Amino acid sequence: MKKAGQPWEKAKAFDNSCPLSGFIPAAEFTGDPQNTTLGLSVNGEQRQQGTTADMIHKIVPLIAYMSKFFTLKAGDVVLTGTPDGVGPLQSGDELTVTFDGHSLTTRVL
Numbered sequence: 001m002k003k004a005g006q007p008w009e010k011a012k013a014f015d016n017s018c019p020l021s022g023f024i025p026a027a028e029f030t031g032d033p034q035n036t037t038l039g040l041s042v043n044g045e046q047r048q049q050g051t052t053a054d055m056i057h058k059i060v061p062l063i064a065y066m067s068k069f070f071t072l073k074a075g076d077v078v079l080t081g082t083p084d085g086v087g088p089l090q091s092g093d094e095l096t097v098t099f100d101g102h103s104l105t106t107r108v109l
C-alpha cells in the first residue's frame, strides 16, 4: 500500500492490529532509554533483535516534539517502530519480548 502511494495507516491500523500486553512503568525502568537492547522471540525462535541507539529519532526529543501537538499523560503508549524481522503471527503463538534484563511473555489469541 505504501509503495502504491496509499496512506500507510491502511496497512498499519486495522482491527486487532495493535495488541498490547504487560509493561514496566517508566518510573521503574532504570536503563538508558536511548541505549536499550530489544528482542522478540516467537515460539522460542528469535525474530527481532535491536537497540534503541539505532533509532532514526532519539526518544527524548521525539516525545518533546510530540507533546507540542498532543497531550501526553501517564500510561499513554508511544509507538516508535520496531527492529527488522516483522512478520505475521498465528493464534496460539507465544511471544517473548526482552529488553535490558526484563522480559514479558504473552500468547496470541
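Take the sequence shown: its letter number 23 is residue 23 in full-length UniProt numbering, and every next letter is one higher. Glycine included, C-beta positions come from ideal geometry on N, C-alpha and C. Here the structure is a predicted model, which is why all the values come from computation and not from measurement.
Report yes if the C-beta of residue i is less than 7 angstroms from at least one heavy atom of the ligand GTP; otherwise report no.
{"i": "V42", "result": "Of the ligands one can find in the structure shown there are none, so the ligand GTP has no counterpart to examine."}
Quick check: residue i and residue j, are their CB atoms within less than 8 angstroms of each other?
{"i": "L104", "j": "S21", "result": "yes"}
{"i": "L38", "j": "P88", "result": "no"}
{"i": "L40", "j": "V108", "result": "no"}
With DSSP as the reference, please indicate the residues paired to residue i in a beta bridge.
{"i": "G31", "result": "Answer by DSSP bridge pairing: none, since G31 is not bridged."}
{"i": "R107", "result": "E94"}
{"i": "F69", "result": "BP columns for F69 are empty, so no partner."}
{"i": "E45", "result": "V42"}
{"i": "F99", "result": "L38, H102"}
Where does residue i fall in DSSP's three states?
{"i": "V60", "result": "helix"}
{"i": "T37", "result": "strand"}
{"i": "T51", "result": "strand"}
{"i": "A13", "result": "coil"}
{"i": "A4", "result": "coil"}
Using a Cβ distance threshold of 8 angstroms, determine whether the segment 52-67 contacts the segment 10-24, with at least three qualifying pairs required. no
Does the segment 60-68 come close enough to the segment 95-102 that 3 or more CB-CB pairs lie under 8 angstroms? no
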